[in-house]
Amino acid sequence: MFDIENYFENFVKTNKIFEERNILRPEFVPKILPHRDIQIRKIAEIVACTLKNSKPSNIFLFGKTGTGKTAVINYVKDHLNNQCRNSDIHEPKWVSLNCQQVNTGYRVLARICNDLDPDDPVPIAGWPIDVVFDKLIEKLDTFVHGICFIILDEIDILVKKMAKSHDILYNLARINSRLKHAKVNIIGISNVLNFKNALDPRVLSSLGEEEIVFPAYNANELKEILNQRANSAFQNGALTLEIISLCAALAAKEHGDARKALDLLRKAGELAERRQSPNITPDFVYFAQDDIEKDKMKEYCESLPLQNKTILLSIYSMQKYRSGNAIITGDVYTCYLELQKQIPGLNKLSQRRVSEIIRELDLSGILNAQIKSNGRYGRTKFINLNIPLENLNTFLINDNRLNDLFDYRPRCIESNTTCFKGQKYIKLG
DNA sequence: GATCCACAGGAAATTAAGGGTC
DNA sequence: GACCCTTAATTTCCTGTGGATC
Numbered sequence: 001m002f003d004i005e006n007y008f009e010n011f012v013k014t015n016k017i018f019e020e021r022n023i024l025r026p027e028f029v030p031k032i033l034p035h036r037d038i039q040i041r042k043i044a045e046i047v048a049c050t051l052k053n054s055k056p057s058n059i060f061l062f063g064k065t066g067t068g069k070t071a072v073i074n075y076v077k078d079h080l081n082n083q084c085r086n087s088d089i090h091e092p093k094w095v096s097l098n099c100q101q102v103n104t105g106y107r108v109l110a111r112i113c114n115d116l117d118p119d120d121p122v123p124i125a126g127w128p129i130d131v132v133f134d135k136l137i138e139k140l141d142t143f144v145h146g147i148c149f150i151i152l153d154e155i156d157i158l159v160k161k162m163a164k165s166h167d168i169l170y171n172l173a174r175i176n177s178r179l180k181h182a183k184v185n186i187i188g189i190s191n192v193l194n195f196k197n198a199l200d201p202r203v204l205s206s207l208g209e210e211e212i213v214f215p216a217y218n219a220n221e222l223k224e225i226l227n228q229r230a231n232s233a234f235q236n237g238a239l240t241l242e243i244i245s246l247c248a249a250l251a252a253k254e255h256g257d258a259r260k261a262l263d264l265l266r267k268a269g270e271l272a273e274r275r276q277s278p279n280i281t282p283d284f285v286y287f288a289q290d291d292i293e294k295d296k297m298k299e300y301c302e303s304l305p306l307q308n309k310t311i312l313l314s315i316y317s318m319q320k321y322r323s324g325n326a327i328i329t330g331d332v333y334t335c336y337l338e339l340q341k342q343i344p345g346l347n348k349l350s351q352r353r354v355s356e357i358i359r360e361l362d363l364s365g366i367l368n369a370q371i372k373s374n375g376r377y378g379r380t381k382f383i384n385l386n387i388p389l390e391n392l393n394t395f396l397i398n399d400n401r402l403n404d405l406f407d408y409r410p411r412c413i414e415s416n417t418t419c420f421k422g423q424k425y426i427k428l429g
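The opening residue of the first sequence carries number 1 in full-length UniProt numbering; numbering runs sequentially from there.
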């Protein structure tokens, strides 16, 4: 039996690992941002005219996840606000929104309105979009004295999702011509480097007046970033330079993501703390890496809608009971129909939709769906799960609606098989 | 070289839901 | 209550694909 009293007693007695763990969190803005001098300088040069009450150019920031785009903007924002206070100038208003959450044109406008004036909120739906736009103009002129910076993080998601967003962005970029007192500056942030190509040329010429690219960090740069944070985040002797190098090297392998490197270091520290170890060893870093991956997948699976879970369960069942057969879209659909009939209240989806969901699952990394042509036997996706069956079982088992179906043996798997290049496949159709 | 298969995936249409105004 | 607006999810329709087979 677990001796909880003894555990707590030892926990207090053992050396502390962390001095201040929040320093390792992504939202923390340090006093110095290593290796981002060029970007800070460029942005500072662009926004400096705010101090003379002029409107800066709109800016596009490009760079992969964890390359410091948001941190740099927050850094410049803090310093610009400080200077305004010192010079007795109106502080600019900053409205920041993430287009992954606020992902339609209507909601973007509504969200900016509500940020400016929470006492008179725009409803989440119902108004014609031009009415919301007029409301925004009214609120900007009422509540903003000077410049209003609108930061649209992950702007590519907004554009990709709705063709109409081009019009919203175009109007937003030209809103200044309709404003009497306030001035608006748009800062678009995108993780997709070639996102510009997808933009309407009108929007691009209005929004992309200045472009700044954030290159990925290399292992040495990540090492320096981690070292800087670790000095204040950890107790003396809690970790060695070897641990920092290891975290930096593992994160550098994945596109130089500083956020991931910091996460890895923090998680390794937390594991060492839980095991009551006096310091962080390489094993804790590897365990942390596994944990982060597993947590990510678990969270993803648990948050899926029931339809997606059922399709995932169909692939699970086919992979569990198949005997060397490939799993293809048509058979997943047949199996899905078998399972769907056994789940009360679950509507039947069309094959087109199921194919779309398989594509979404493929993009998430939980499975691999490769399109192959079988010649006159058609062209389809060959599907394989990317995670062990027992892990997927653990991730989905908490959903009571699927509980009885984990041992379900698909009837379609018993059907005839066909041979292709010496390999056994389930017969199509 | 033409044909065929089993989809893939784009585009438009439909449906339902949440909310508004008059 | 009728009607309008936006949005999300899904269906329907359609064209395209690519390699085996005829």
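For glycine and all other residues, C-beta sits at the position ideal for the given N, C-alpha and C.
Note that the structure is predicted; figures quoted are calculated from it, not measured.
{"Check": "Could you check where the alpha helix (DSSP H) with glutamine 331 kicks off and where it finishes?", "Outcome": "For the record, residue 331 in the displayed sequence is aspartate; it is not glutamine. 329-342 is the span of the alpha helix (DSSP H), which, as asked, contains aspartate 331."}
{"Check": "Should the segment 396-403 be called in touch with the segment 368-380, which here means at least 3 C-beta pairs below 8 angstroms?", "Outcome": "no"}
{"Check": "Are at least three pairs of beta-carbons, each pair with one atom in the segment 70-82 and one in the segment 131-140, less than 8 angstroms apart?", "Outcome": "no"}
{"Check": "Which residue or residues does DSSP assign as beta-bridge partners of arginine 379?", "Outcome": "Ser373"}
{"Check": "Please return the same chain residues whose Cβ sits closer than 6 angstroms to the Cβ of arginine 111, not counting the five positions on each side in sequence.", "Outcome": "Leu97, Val102"}
{"Check": "Which of the three DSSP states is assigned to glycine 105 in this structure?", "Outcome": "helix"}
{"Check": "If distances are taken between C-alpha atoms only, which option among Arg36, Ser206, Val285 comes closest to serine 245?", "Outcome": "Val285"}
{"Check": "Which first and last residues belong to the beta strand (DSSP E) in which cysteine 148 is found?", "Outcome": "147-153"}
{"Check": "Note the first and the last residue of the continuous beta strand (DSSP E) segment covering residue 465.", "Outcome": "A query on residue 465 cannot be resolved here, the shown segment of the chain reaching from 1 to 429 and no further."}
{"Check": "Ordered along the chain, which non-local residues of its own chain (more than five positions away) have a Cβ less than 6 angstroms from that of glutamate 273?", "Outcome": "Ile17"}
{"Check": "By how many angstroms is the C-alpha of asparagine 279 removed from the C-alpha of lysine 52?", "Outcome": "52 angstroms"}
{"Check": "Look up isoleucine 23 in the DSSP assignment and say whether it is helix, strand or coil.", "Outcome": "helix"}
{"Check": "Let's test the definition: count the other Cβ atoms within 10 Å of the Cβ of asparagine 58 and tell me whether it reaches 16, buried, or not, exposed.", "Outcome": "buried"}
{"Check": "In three-state DSSP terms, what is phenylalanine 234?", "Outcome": "strand"}
{"Check": "Would you be able to state if there are at least three C-beta pairs under 8 angstroms between the segment 330-350 and the segment 309-320?", "Outcome": "yes"}
{"Check": "Evaluate contact between the segment 60-68 and the segment 204-214, counting only Cβ atoms and requiring at least three cross-stretch pairs below 8 angstroms.", "Outcome": "yes"}
{"Check": "With DSSP as the reference, label serine 364 as helix, strand or coil.", "Outcome": "helix"}
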